[in-house]
Amino acid sequence: MEIHINSSDWYVHGHKTDSNYDNGIFHVVWNNDADVFRKDNSVIPVLELGDLVEEHTFMQYRELMKQPSGKWIKCENDFGSSDSYHLDHWLKRLYFERLESKSAVVFKMLKASSITGKRYLLR
1356 MEIHINSSDW YVHGHKTDSN YDNGIFHVVW NNDADVFRKD NSVIPVLELG DLVEEHTFMQ
1416 YRELMKQPSG KWIKCENDFG SSDSYHLDHW LKRLYFERLE SKSAVVFKML KASSITGKRY
1476 LLR
C-alpha cells in the first residue's frame, strides 16, 4: 500500500520506474487525479478518501493542524469535550502500544544475550 495526497504523486516520486513498488496491492489517496500503473503497466487499484470524509470532519482536521505545534498533543484542548468511554479506550490503547514497543526491545535484548542472562530475566 502506498499513501499520497494526489494519485499523480506516484509519478512525482518515481514509483512507476521503481520495482520496489510493483508489489503494491492498492494506492490510498485523497484525490484520484491520475491513473496509476506499475512498472509492467498493470493498473494499481485506488482507494480515494476525499469523497468518504465529510467536509465538517476535514475542516476540523485543517483547524487542528493550524494550531501552534508547541503542544504535546495538538488536540489536548479537546480532551474535556471527549466522552469518558472514548478517552479511556484511547488511553488504554496507548498504554498497550507502549507496552508492546518496550517488550519488543526487551525481547530483542534477550535474543542477543547469553543463555544465563535469559534464565535470570525470565524468573
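For the sequence shown, counting from 1, position 15 maps to 1370 in this note's numbering; every step adds exactly one. Glycine included, every Cβ here is placed at the ideal spot set by N, Cα and C. Computed from a predicted structure; not experimentally measured.
- Excluding residues up to 5 positions away in sequence, LYS1371, VAL1398, ILE1399 lie with their Cβ nearer than 8 Å to the Cβ of PHE1392 in the same chain.
- For GLU1403, DSSP records a beta bridge to VAL1384.
- Contact annotation: HIS1382 and HIS1368 have beta-carbon atoms that are not nearer than 9 Å.
- Setting aside the 5 residues that flank it on each side, GLY1379 is surrounded in the same chain by MET1356, GLU1357, ILE1399, each with a C-beta closer than 7 Å to its C-beta; the list follows chain order.
- Around the Cβ of SER1436, a 10 Å sphere holds fewer than 16 other Cβ atoms; the residue is exposed.
- Out of ASP1377, GLU1403, PHE1462, the CA that lies nearest to the CA of ASN1396 is found in ASP1377.
- Taking 9 Å as the cut-off, the Cβ atoms of TRP1385 and GLU1403 count as close.
- Closest by C-alpha distance to VAL1401, out of PHE1451, SER1362, LYS1394, is SER1362.
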